[in-house]
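K.L.:
Residue numbers (the UniProt record's numbering): 1 to 372.
We put the beta carbon where it would ideally sit given N, CA and C, even for glycine.
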Amino acid sequence: MKQIFFCLIFSTLLLVLGGCEKKQANVIYDKSYIEEIKQTRKDIALHITRNYIPGATISIAKDNRVIYSEGIGLASKELDVPMTRENKLRIGDVSQIFTNIIYLKLVEEGILNPDSTVQHYIPEYPPTEFKLAIKHLPYHTSGIRKEEPGETEIPGLNITIQNGLKDFMNDPLTNPPGWFQESSMFNSNLLGAVMEKATNKNFLTLLKEYVTQPLNLTHTLIDNPSAIISGRADFYNNNLMGQNINAPFRDLRYKAPSKGILSNTEDLVKLGMAILESEYFNEEFRENFFEPCDLYGGFKSEMANGWLIMQDKKGREFYGSGGGVTGGGAAILIYPDESLVVAYAVNHTLETDMPVFKIAHHFLQDLGSDEK
1 MKQIFFCLIF STLLLVLGGC EKKQANVIYD KSYIEEIKQT RKDIALHITR
51 NYIPGATISI AKDNRVIYSE GIGLASKELD VPMTRENKLR IGDVSQIFTN
101 IIYLKLVEEG ILNPDSTVQH YIPEYPPTEF KLAIKHLPYH TSGIRKEEPG
151 ETEIPGLNIT IQNGLKDFMN DPLTNPPGWF QESSMFNSNL LGAVMEKATN
201 KNFLTLLKEY VTQPLNLTHT LIDNPSAIIS GRADFYNNNL MGQNINAPFR
251 DLRYKAPSKG ILSNTEDLVK LGMAILESEY FNEEFRENFF EPCDLYGGFK
301 SEMANGWLIM QDKKGREFYG SGGGVTGGGA AILIYPDESL VVAYAVNHTL
351 ETDMPVFKIA HHFLQDLGSD EK
């Protein structure tokens, strides 16, 4: 019975998504990529159906222009509201990209010194056994412990970024900074707190001043559960029976630098294009943004400022960032030499990989298709 239900839902989605001449405002597409877009729609239909995800958004940019953008499924199941390309979703760990842009801009302006300690900017932060320079925070090489599963699920009502430091600031470092790289949301949260102290501005103001306003990202902001936010999609989980339920309440403002930003995929690909092309970012910024750091023993880090730096089987370098949070998740891929940016987001707690690699390779067929 479950298999029959799956087939019916999947077939319905393919019928809905199959028309290549769709002209509603919910879709942007370039006809010269129509076959690739059809394949992308099939991949998304399969992904959201298999994983009982109510809705998703997809945006793709090639050669510094958006060639495809669409909302698929539902933004609200209760109200039967379709997902549009303008809906705002929780982007999880992709939030760190915004945080690290602010950090590098503050370094560029001389407001932050990467070699200064956390305690220099936050005097009340307890002394650490080893020097804790802020340069280790965007690279996740600080030795600050990884969050426990239960620590990602607290409601967090009205906790500020500064007060959120109490969750880990008294814990010893797990290793000397610079020895190992281990992703922890506490690194980004602490970096956000440092930037607030150094500038005497809150994180939302910094986000606007250094990222969203200069780049005209009109659908990106901090997820505030108390505010009326136009176009914010509803958030979902599954119960033990695999049925959709409303995601539990979460106030993510205290971890806005690591997981608490709302955005849409068009803003994410605009950000990706800007990183590659915009004069707002100079060459030194681009080199630093994607440059792995040196680790103990002569090893290089796999991540740089929130990005995984990798190559596919064809030897093409790409940068990727992604991850989930309660009620949502997102991923972004950048192929710099091919000038390709892919962004995908869902309004459901992310428990599986997203199909961004498969989607990206539909648009790389001129160099031969392959899987990651």
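#1: Hey, would you say Ala61 sits closer than 7 Å to Val269, going by beta carbons?
#2: Please state whether DSSP places Met273 in a helix, a strand or coil.
#3: If Thr265 sits next to Ser95, beta carbons under 8 Å apart, how far is it from one beta carbon to the other, in whole angstroms?
#4: Identify, in the order they occur along the chain, each residue of the same chain with its Cβ nearer than 7 Å to the Cβ of Glu54, setting aside the five sequence neighbours on each side.
#5: Closer than 7 Å by C-beta to Thr99: which residues in its own chain qualify, once you throw out the five before and the five after it? Chain order, please.
#6: Would Leu137 be called buried (16 or more neighbouring beta carbons within 10 Å of its own) or exposed?
#7: Tell me the rounded alpha-carbon separation between Lys105 and Ile34.
#8: Drop a sphere of 10 angstroms on the beta-carbon of Arg85, count the other beta-carbons inside from all chains shown, and report buried for 16 or more, exposed for fewer.
#9: Per DSSP, what are the beta-bridge partners of Ala61 in this structure?
#10: Mind reading off the beta-carbon distance from Thr40 to Ile359? Whole number of angstroms is fine, and I expect it under 8 Å.
#11: Could you give the distance in angstroms between the alpha-carbon of Gly281 and the alpha-carbon of Asn239?
#12: Smallest Cα separation from Glu108: which of Tyr344, Arg232, Tyr210?
#13: Could you pull the DSSP bridge partners for Asn202 from this structure?
#14: Quick one: what does DSSP say Ser258 is sitting in, helix, strand or coil?
#15: Measuring CB atoms only, is the segment 304 to 313 touching the segment 211 to 229, in the sense that at least three cross pairs come out at less than 8 Å?
#16: Could you name the residues that DSSP lists as bridge partners for Met83?
#17: Run the CB neighbour count on Phe363, radius 10 Å, all protein chains shown included, and call it buried at 16 or more, exposed below.
#18: Tell me the rounded alpha-carbon separation between Ser142 and Asn64.
#19: Taking the alpha carbon of Ile154 as the point to measure from, which residue in Pro336, Asp167, Ala45 has its own alpha carbon closest?
#20: My assumption, with CB atoms under 8 Å, is that Arg90 sits in contact with Leu262. Please give the rounded CB distance.
#21: If I measure Cβ to Cβ from Ile67 and keep anything under 6 Å in the same chain, skipping five residues before and after, which residues do I get?
#22: State the DSSP-derived secondary structure class of Tyr139, mapped to helix, strand or coil.
#23: How should Asp353 be labelled, buried or exposed, when 16 other C-beta atoms within 10 angstroms of its C-beta is the threshold for buried?
#24: On the three-state DSSP scale, how would you describe Ile93?
#25: Measuring straight from C-alpha to C-alpha, what distance separates Glu147 and Lys131?
#26: Which partner residues of His47 appear in the DSSP bridge assignment?
#27: In angstroms, rounded to a whole number, what distance separates the CA positions of Pro177 and Asp294?
#28: So what's Leu14 in DSSP terms, helix, strand or just coil?
#29: I need the boundaries of the alpha helix (DSSP H) containing Ile359, first residue and last residue.
#30: Which residues bound the beta strand (DSSP E) around Gly329?
#31: Below 8 Å on the Cβ atoms is my contact criterion, and I expect Ile58 with Tyr319 to pass it. Report the Cβ-Cβ distance as a whole number of Å.
#32: Considering only C-alpha positions, which residue in the set Phe289, Gly260, Tyr125, Lys259 is nearest to Met169?
#33: What does the alpha-carbon distance come out to for the pair Asp312 and Gln181?
#34: Find the nearest neighbour of Asp80 within the set Leu207, Asp234, Tyr254, judged by alpha-carbon distance.
#35: Compute the Euclidean distance between the alpha carbons of Ser301 and Ala25, then round it to the nearest angstrom.
P.N.:
If we stick to the structure as given:
#1: yes
#2: helix
#3: Not a contact, Cβ separation roughly 14 Å.
#4: Reading off the sequence, residue 54 comes out as Pro, not Glu. For Pro54, where only same-chain residues beyond five positions count, the Cβ hits under 7 Å are Gly73, Leu74, Lys77, Tyr236, Asn244, Asn347, His348.
#5: Ser188, Leu191, Gly192, Pro257
#6: buried
#7: 38 Å
#8: buried
#9: Val66, Val341
#10: 5 Å
#11: According to the sequence as given, residue 281 is Phe; it is not Gly. Between Phe281 and Asn239, the C-alpha separation is close to 44 Å.
#12: Tyr210
#13: Beta-bridge pairing links Asn202 to no other residue.
#14: coil
#15: no
#16: DSSP lists no partner for Met83.
#17: buried
#18: 35 Å
#19: Asp167
#20: 6 Å
#21: Asp30, Tyr33, Ile60
#22: coil
#23: exposed
#24: The sequence as given places Asp at residue 93; Ile does not occur at that position. It is helical.
#25: 21 Å
#26: Answer by DSSP bridge pairing: none, since His47 is not bridged.
#27: 11 Å
#28: For Leu14, the predicted structure reports a pLDDT of 46, less than 50, and the residue's modelled location is therefore unreliable. The matter cannot be settled from this model.
#29: 356 to 362
#30: 328 to 335
#31: Their Cβ separation, rounded to whole angstroms, is 18 Å, which puts Ile58 and Tyr319 out of contact at 8 Å.
#32: Tyr125
#33: 22 Å
#34: Asp234
#35: 43 Å
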